[in-house]
């Protein structure tokens, strides 16, 4: 487990931050929360910490000064800055300190998922635990990869992205971005592609007619006919005749 501390002068913000991330799912544990940067510094002088999430605007010591000091104590610690202020000077200083990520508040679910995944990969690499998974699509998110494997085996059924996201413990919106990033298409487009390729294969075999194939793929015939023509430039019947 990787150790994380959260620093923000507002207790309510700390509570939100602690609830925004699926810490345990990515092998992280929140070891402490602090409303005072100096208390956080005292903690990291005694305890190992892998990641620090900190606000910027805090009394006594602001987040950027805290991050710089934390870096001198733990040179390899990953620091994520959270700020309600989109100021270039803040971002510029954060870069000079070498922060891992600079995020604007409020952090949404998609950003939380992306940040924690990047942290997990970075820390796993450092410890020699990260084996970069690559298949034909170069997919690195293992949960998403497992989802794609499931779709590839069950695409003839009626599949819904929300149900699949819940099954594989992924955020729906994050899944949409993963489809676009890894496959260059949407969930519906990917499923349709699989079904049309199967339809073309079955039409070539000649063992099923277009109505039977539409039913097998859980499509209304007229919609199937329209979708097939969009993919292959001809109707299923024309395709079948051309491949007799």
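In the numbering used here, the protein residues as written are 123 to 366.
For each residue, glycine too, the CB sits at the ideal point set by N, CA and C.
For residue 185, the enclosing alpha helix (DSSP H) covers residues 185-195.
Using a Cβ distance threshold of 8 angstroms, residue 324 and residue 318 do not count as a contacting pair. Under the DSSP assignment, residue 297 falls in the alpha helix (DSSP H) whose first and last residues are 294-305.
Annotated as distal: residue 203 and residue 231, with beta-carbon spacing of 8 angstroms or more. For residue 347 and residue 291, the gap between their C-alpha atoms comes out near 34 angstroms.
A straight-line Cα-Cα distance of about 24 angstroms links residue 236 and residue 156. In the structure shown, residue 275 adopts helical secondary structure according to DSSP, grouped into three states. Residue pairing of residue 224 in beta bridges, as defined by DSSP: 203. For residue 219, the secondary structure class from DSSP, reduced to helix, strand or coil, is helix. Non-local beta-carbon contacts of residue 314 in its own chain, meaning distances under 7 angstroms to residues more than five positions away in sequence, involve 349 in chain order.
Within the DSSP bridge table, the entry for residue 237 names no partner.
In the three-state scheme derived from DSSP, where H, G and I count as helix and E and B as strand, residue 157 is classed as coil.
If you draw a straight line from the Cα of residue 152 to the Cα of residue 126, it is about 5 angstroms long.
Residue 344 sits in a helix when the DSSP states are folded into three classes. In the three-state reduction of the DSSP assignment, residue 152 falls in the strand class.
For the pair of segments examined, the stretch 185-199 was found to touch the stretch 158-166: the number of CB pairs separated by less than 8 angstroms reaches three.
Residue 124: member of the beta strand (DSSP E) spanning 124-129, first to last residue. Boundaries of the alpha helix (DSSP H) around residue 137: 133-142.
At least 8 angstroms separates the beta-carbon of residue 301 from that of residue 234. By the neighbour-count criterion, in which a residue is buried when 16 or more other Cβ atoms sit within 10 angstroms of its Cβ, residue 333 is exposed. Taking a C-beta distance under 8 angstroms as the contact criterion, residue 227 and residue 205 qualify as a contact pair.
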